[in-house]
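Participant: All the letters of the sequence shown, read from the start, carry residue numbers 237 to 372 under this note's numbering.
If you scroll down you'll find the structure; I have some questions about it.
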Amino acid sequence: MAADDHRVLPRTMAAHEGHGTYDAVIVGGGHNGLVAAAYLARAGRSVLVLERLDRTGGAAVSTRPFAGVDARLSRYSYLVSLLPKKIVRDLGLDFRIRARTISSYTPVERDGRPTGLLVGGGERRTREAFARLTGS
């Protein structure tokens, strides 16, 4: 693919013209690529991160996945709880993880009316949501 055929690459190349060489090139600006780049940069290496999308963050980015629903969600936000504490300390990350009453809500349209599957808020509430959705 030529640089002109890509939305982000020409901007990246223009921003880094003249630099010429890098100690490391990270392909993919998702959360793992960004962590790798941060460790390398902290070790004094020059790093270039290439990302095909117009934003970095990968699965950690929140989006509006459901048309007509005003909610920003990250499909994999629950994985942040698995982020090793060593990485948080090493990179000086400052964030809090908040527990949610609702674990998951998936909007569904049935028979022309909006319904949904609500997971969370206690076992009884989750069981009732499954029963409403499945009719059992």
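Every residue, glycine too, gets a C-beta built ideally from N, C-alpha and C.
Keep in mind it's a predicted model, so treat the numbers as computed, not measured.
1. Using the beta-carbon count (16 or more within 10 Å), is residue 289 buried or exposed?
2. Which of the three DSSP states is assigned to residue 333 in this structure?
3. What distance in whole Å lies between the Cβ atoms of residue 306 and residue 283, which are believed to be in contact at a cut-off of 8 Å?
4. How many Å lie between residue 384 and residue 303 at the Cα?
5. Is the CB-CB distance between residue 297 and residue 265 below 7 Å?
6. Tell me whether residue 295 is buried or exposed, calling it buried when 16 or more other Cβ atoms sit within 10 Å of its Cβ.
7. In its own chain, which residues sit with a C-beta less than 7 Å from the C-beta of residue 352, not counting the 5 before and 5 after it?
Facilitator: Put simply:
1. exposed
2. coil
3. So it is not a contact: roughly 37 Å between Cβ atoms.
4. Examination of residue 384 is not possible in this model, given that the chain is present from 237 through 372 alone.
5. no
6. exposed
7. 341, 342, 343 and 344
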